[in-house]
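Here's the structure we're looking at; comments come further down.
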Amino acid sequence: MARLLCLLAAVALALPAAAQTAPVLPDLDGDPVVLVVHGGAGTILRANMDADTDAAIRAALAQALRAGHAEVVAGRPALDAVSAALQILEDDPHFNAGRGGVFAADQTVRHDASVMDGATGLAGASSGTMHVRHPILLARRVMEASPHVLLSGEGAEEFALQQGLELVPNTFFHTPGRLRGLLSVQERERSATGLARPAPHPWQMHGTVGAVALSAGGSLAAGTSTGGMTNKRWGRVGDSPIIGAGTYADDATCGVSATGHGEYFIRLGIARDIAARMAYLDESVDQAASHVIGTTLAEAGGTGGVIALDAEGNVSMPFNTEGMYRGTITRSGRVTTMIYGDEE
Ligand code: ASP
Numbered sequence: 066m067a068r069l070l071c072l073l074a075a076v077a078l079a080l081p082a083a084a085q086t087a088p089v090l091p092d093l094d095g096d097p098v099v100l101v102v103h104g105g106a107g108t109i110l111r112a113n114m115d116a117d118t119d120a121a122i123r124a125a126l127a128q129a130l131r132a133g134h135a136e137v138v139a140g141r142p143a144l145d146a147v148s149a150a151l152q153i154l155e156d157d158p159h160f161n162a163g164r165g166g167v168f169a170a171d172q173t174v175r176h177d178a179s180v181m182d183g184a185t186g187l188a189g190a191s192s193g194t195m196h197v198r199h200p201i202l203l204a205r206r207v208m209e210a211s212p213h214v215l216l217s218g219e220g221a222e223e224f225a226l227q228q229g230l231e232l233v234p235n236t237f238f239h240t241p242g243r244l245r246g247l248l249s250v251q252e253r254e255r256s257a258t259g260l261a262r263p264a265p266h267p268w269q270m271h272g273t274v275g276a277v278a279l280s281a282g283g284s285l286a287a288g289t290s291t292g293g294m295t296n297k298r299w300g301r302v303g304d305s306p307i308i309g310a311g312t313y314a315d316d317a318t319c320g321v322s323a324t325g326h327g328e329y330f331i332r333l334g335i336a337r338d339i340a341a342r343m344a345y346l347d348e349s350v351d352q353a354a355s356h357v358i359g360t361t362l363a364e365a366g367g368t369g370g371v372i373a374l375d376a377e378g379n380v381s382m383p384f385n386t387e388g389m390y391r392g393t394i395t396r397s398g399r400v401t402t403m404i405y406g407d408e409e
């Protein structure tokens, strides 16, 4: 780790620009959704939201959608749209990812991220990184430049360094609001009676970001990035870097990015379950996603939501919490952002 810190001053190398390909718009009727993003699900109520925060979150979602849309209309791969959108949300401290990542118990911020390409079935992920500015880019590099799917901790950071990704001190990710969140969780746990730690509050896992894109060529990709759970310890890993739990993409069914109480999403294989229902039961993306969140997850006692998109641009965004930051952009560039449970 000391070696990594010494090298933080080194000039970060930009990723090579993605290959330019001619835009080939798929033969889809109407104005299909080509990109869907989320910024986390949880106890998100109008009553607790001030107008400035509401507007700032919608603006960030819209900016992310437009950045990804530019990649799609330029004819670049769906993974480029996912990366472009999620880098913007990782830089925005409103979300539990990148800069606004929640604190672990030791007052560090540790990120998890993953991507999957629906055309090839390839995937990449990273867990527990502390210095990679854009974990979503690292996940993509794991997929494209290593023979592995999931790298963790110091090894993942060493790989990021070798790949020329931008590294920053952990303090870059620290925000006063997240520190207050950590201290209040720790106070709550100290005052709990008995030996058991209280179950995490929904807001301890709130603000993860994710995206699913449909390229002009008709291929899907999905990605998810998070700081995980406030006050996490023992190297806790959530669902976000677990392919099939927090992220999944397959052109034949759908792309999925999840947010919520990760332990449930891992145990239930939520993202893959949605795709499997489409494949085995011939359900639509909305039937499959709504069943998995509304029935499978809810009956197990888990909370959260997903965004899901199929290769025809049909979108589903179910959640069983009060709200979920979410938004879509269509092929023609029509942006919709939503926060609360009563927004259609
Ligand atoms: N699913 C993430 C985790 O459990 C948290 C979240 O979605 O907000 O790490």
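To convert, note that position 31 of the sequence shown is 96 in the working numbering; the numbers rise steadily by one, no gaps.
Positions of the beta carbon are idealized from the N, C-alpha and C atoms, including for glycine.
| query | result |
| --- | --- |
| For Ala-146, the nearest candidate out of Ser-349, Ala-135 and Asp-156 (CA to CA) | Ala-135 |
| For His-176, the residue or residues it bridges with in DSSP | Thr-194 |
| Top-ranked residue by Cα proximity to Asp-304, from Tyr-390, Ile-335, Ile-339 and Arg-141 | Ile-335 |
| Neighbourhood of Gly-300 by C-beta distance below 7 Å, restricted to the same chain and skipping five residues each side | Gly-193 |
| Whole-angstrom distance between Thr-318 and Ala-124, CA atom to CA atom | 30 Å |
| Whole-angstrom distance between Ser-191 and Ala-221, CA atom to CA atom | 6 Å |
| Cβ pair Ala-278, Leu-374 closer than 9 Å | yes |
| Cβ-Cβ distance between Ala-129 and Ser-284 below 9 Å | no |
| Member of Ala-121, Gly-293, Gly-133 and Asp-182 whose CA lies at the smallest distance from the CA of Ala-162 | Gly-293 |
| Test item: CB-CB of Thr-368 and Val-180 under 9 Å | no |
| Cβ pair Ala-376, Asp-338 closer than 9 Å | no |
| Proximity test, Phe-330 beta-carbon vs the ligand ASP heavy atom, cut-off 8 Å | yes |
| Sufficient close CB pairs (3 or more, under 8 Å) joining the segment 381 to 394 to the segment 108 to 122 | yes |
| Any non-hydrogen atom of the ligand ASP within 8 Å of Asn-379 CB | no |
| Of the residues Glu-231, Ser-381 and Ile-404, the one placed nearest Asp-156, counting alpha carbons only | Glu-231 |
| Gly-107 Cβ short of 8 Å to the ligand ASP heavy atom set | yes |
| Start and end residues, alpha helix (DSSP H) containing Gly-325 | Not the alpha helix (DSSP H): Gly-325 falls in the beta strand (DSSP E), residues 320 to 325. |
| Sequence ranges, alpha helix (DSSP H) only - wholly within the segment 191 to 238, length at least 4 | 200 to 210 and 218 to 227 |
| Among Gly-246, Pro-200 and Val-321, the one whose alpha carbon lies nearest that of Pro-383 | Val-321 |
| Whole-angstrom distance between Gly-166 and Val-400, CA atom to CA atom | 26 Å |
| Closer than 8 Å: Asn-161 CB and nearest the ligand ASP heavy atom | yes |
| The alpha helix (DSSP H) enclosing Thr-393, as first and last residue numbers | It is not in any alpha helix (DSSP H) - Thr-393 instead sits in the beta strand (DSSP E) that spans 388 to 395. |
| Top-ranked residue by Cα proximity to Thr-360, from Tyr-329, Val-98 and Val-380 | Tyr-329 |
| His-103 (DSSP reduced to helix, strand or coil) | strand |
| Cβ shell of Ile-331 (< 6 Å), same chain only, five flanking positions each side left out | Asp-304, Ile-307 and Ala-310 |
| Identified DSSP bridge partners for Ser-349 | Paired residue(s): none; Ser-349 is not in a bridge. |
| Bridge partner(s) assigned by DSSP for Thr-147 | The residue asked about is misnamed: residue 147 is Val in this sequence, not Thr. According to DSSP, which records beta bridges pairwise, Val-147 is partnered with nothing at all. |
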